[in-house]
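Heads up: the structure comes next, in structure tokens.
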Amino acid sequence: MPASFLPQEIIRAKRDGRELSDAEVEWFVHGLTDGSIGDDQVAAFAMAVFFRGMSIRERVALTSSMAHSGTVLSWERSTIDGPLLDKHSTGGVGDKVSLVLAPLVAACGGVVPMISGRGLGHTGGTLDKLESIPGYDAQPDAARLRAAVQSAGCAVIGQTDDLAPADRRLYAIRDVTATVESIPLITASILSKKLAAGLDALVMDVKFGSGAFMETLDGAFDLAESIVAVAEGAGLRTTALLTDMNQVLGRAAGNAVEVLESIEWLTGSFSDARFDDVVLSLGSEMLVSGSLAPDLASARTMLERARRDGSACERFSRMVAALGGPSDLVERPRQYLGEAPVTIPVHPTREGYIESLDVRGVGMSVVLLGGGRRRVSDAVDPVVGLTEVRGVGERVDSSTPLAVVHARSQADAHQAADALRAAVRVVDQPMTPGSVIARRVARR
Ligand code: URA
9 MPASFLPQEI
19 IRAKRDGREL
29 SDAEVEWFVH
39 GLTDGSIGDD
49 QVAAFAMAVF
59 FRGMSIRERV
69 ALTSSMAHSG
79 TVLSWERSTI
89 DGPLLDKHST
99 GGVGDKVSLV
109 LAPLVAACGG
119 VVPMISGRGL
129 GHTGGTLDKL
139 ESIPGYDAQP
149 DAARLRAAVQ
159 SAGCAVIGQT
169 DDLAPADRRL
179 YAIRDVTATV
189 ESIPLITASI
199 LSKKLAAGLD
209 ALVMDVKFGS
219 GAFMETLDGA
229 FDLAESIVAV
239 AEGAGLRTTA
249 LLTDMNQVLG
259 RAAGNAVEVL
269 ESIEWLTGSF
279 SDARFDDVVL
289 SLGSEMLVSG
299 SLAPDLASAR
309 TMLERARRDG
319 SACERFSRMV
329 AALGGPSDLV
339 ERPRQYLGEA
349 PVTIPVHPTR
359 EGYIESLDVR
369 GVGMSVVLLG
379 GGRRRVSDAV
389 DPVVGLTEVR
399 GVGERVDSST
409 PLAVVHARSQ
419 ADAHQAADAL
429 RAAVRVVDQP
439 MTPGSVIARR
449 VARR
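When you read off a place in the sequence shown, starting at 1, and then add 8, the result is the number in the working numbering.
Rendered as structure tokens:
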């Protein structure tokens, strides 16, 4: 690394709106990773980027440097039978897409090492969901990860400490300096981890709406455009779909309840038009990007077949077993996933049709039940959550509840029920919800 830069000069340049050179960005990320640049200077840099933004060229340099700040997974191509594909979501409530999409794409010839996260705020985390499966090892060592990928074609696991360590430090500092909501910094944070996973192609699910981290469609579009441009600039083929998070995705929100719903989706006993559309649309993008299908329509047909003929479910079973879970989970899910001691239906305060949901509020009702964290150190309760959650345009009354609450105690159940009622607006007239896929963003 050249020693000719001073952190304060780089911060000053960004503060004054100058475009940083690749060498300046690389040097700064080096200091961020080895700790030679202090928290104060990293915080000042993040705030300067927050106000001044970054050009696409600067974002590519930041993302690539962060991706190379730790281990970059290199896959032995002779042992991998297909393109390395992944999907990343900006997070939502009831978003169990990863659980079914990884095995579905694996059954169509993709290889999916999916690095997922824990719950953040009101949104659930894929890892917390998977950890409700007894024995499931979400932090496998490299040998177990490779064995799972070879046996199932997919492995949904957590981030290891050596993957993009610069992001871990920068994210922690952003979290306490009001600099999380910066599109260049979010872009670099998400993509550095994806580039470090050694992928061939990525599809992004960028959510908007009351349950999303970017509430407006315009904000989600800006983020999607940034991610697609920077990923392509860094050599990773990427497309993005903007999907609606003004409703819970599927009918369940929690941990074990979402694993159960995913297994029911894979075995064909559960379907939901919005959930199906999100899974199949994202999966189609992955198959086309990986050259496993010539176009989106044929890709969708392949995915539907892999669900119908049981091959996707078979991949899921193999993945669970290879990562230490029960090999007969799919045959006896309820036996392994457990049940909450208290279940109560939540009826609306008035009958009618659901006009809108504050999905953040619905997510917080799951957190109140113990299904998410109030503090980083909290353990997540696997069995609590919501099922049979109704969506926009559906009728609710004294016989059709808004949802069913699964709780540890009557007191918790009633507290969550009150939070849920407060999050739903019921009106006299039915209405038709908008399409769940709002837009596609791609370079070509
Ligand atoms: N997810 C990430 O990994 N990083 C961000 O900055 C925001 C969401």
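Glycine residues also receive a C-beta, built at the ideal position from the N, C-alpha and C atoms.
Since the model is a prediction, treat every value here as computed from it, not as a measurement.
- When Gly401, Arg176, Gly43, Ala232 are compared, the shortest CA-CA separation from Phe216 is found for Ala232.
- Beta-bridge annotation (DSSP): Thr131 is paired with Leu128.
- Here Glu347 has Val391 as same chain residues with Cβ atoms under 7 Å from its own Cβ, once five neighbours each way along the sequence are excluded.
- Looking at the DSSP output, Cys162 sits in a beta bridge with Val120.
- Distances from the CA of Ala220 to each of Leu128, Gly262, Val33, Ser12 were compared; the closest alpha carbon is that of Leu128.
- The DSSP-derived three-state label of Gly241 is helix.
- Within the DSSP bridge table, the entry for Leu210 names Asp94, Thr246 as partners.
- Every unbroken stretch of the alpha helix (DSSP H) spanning 4 or more residues and falling wholly within the region 392 to 441 is given here in chain order: 418 to 431.
- Nearest Cα to Ile198 within the set Ala186, Met212, Thr187: Met212.
- Beta-bridge partners of Ile352 (DSSP): Val413.
- Remark: the C-beta of Ser299 is outside contact range of ligand 1, defined as less than 6 Å to any heavy atom.
- Between Val412 and Pro441, the gap from beta carbon to beta carbon reaches 7 Å or more.
- Per the CB criterion, closer than 5 Å to any heavy atom of ligand 1, the qualifying residues run in chain order as Ile194, Ser197, Ile198.
- For Glu17, the uninterrupted alpha helix (DSSP H) segment begins and ends at 15 to 23.
- In the three-state DSSP reduction, Ser190 falls in the coil class, being neither helix nor strand.
- With contacts defined by Cβ atoms closer than 7 Å, Ala156 and Leu337 do not form a contacting pair.
- Excluding residues up to 5 positions away in sequence, His355 lie with their Cβ nearer than 6 Å to the Cβ of Ser406 in the same chain.
- The beta-bridge partner set that DSSP reports for Tyr361 consists of Arg403, Val435.
- By the 16-neighbour rule on beta-carbons within 10 angstroms, Ala114 is buried.
- When Cβ pairs closer than 8 Å are counted between the two stretches, the region 122 to 140 is seen to touch the region 261 to 270, the count reaching three or more.
- Looking at the backbone, the Cα of Val256 and that of Ala424 are separated by about 16 Å.
- Look at Ile45 here: in three-state DSSP terms it is coil, with no helix or strand label.
- Of the other Cβ atoms in all chains shown, fewer than 16 fall within 10 Å of the Cβ of Pro302; this residue is therefore exposed.
- About 6 Å separates the CB atoms of Val286 and Thr251; that is less than 8 Å, so the two are in contact.
- Listed in chain order, the beta strand (DSSP E) elements of length 3 or more contained wholly in the region 50 to 110 are 93 to 97.
- Shown here for Gly206: same chain residues with a beta carbon closer than 7 Å to its own, the five before and five after excluded, namely Val80, Leu81, Ser82, Trp83, Leu92 in chain order.
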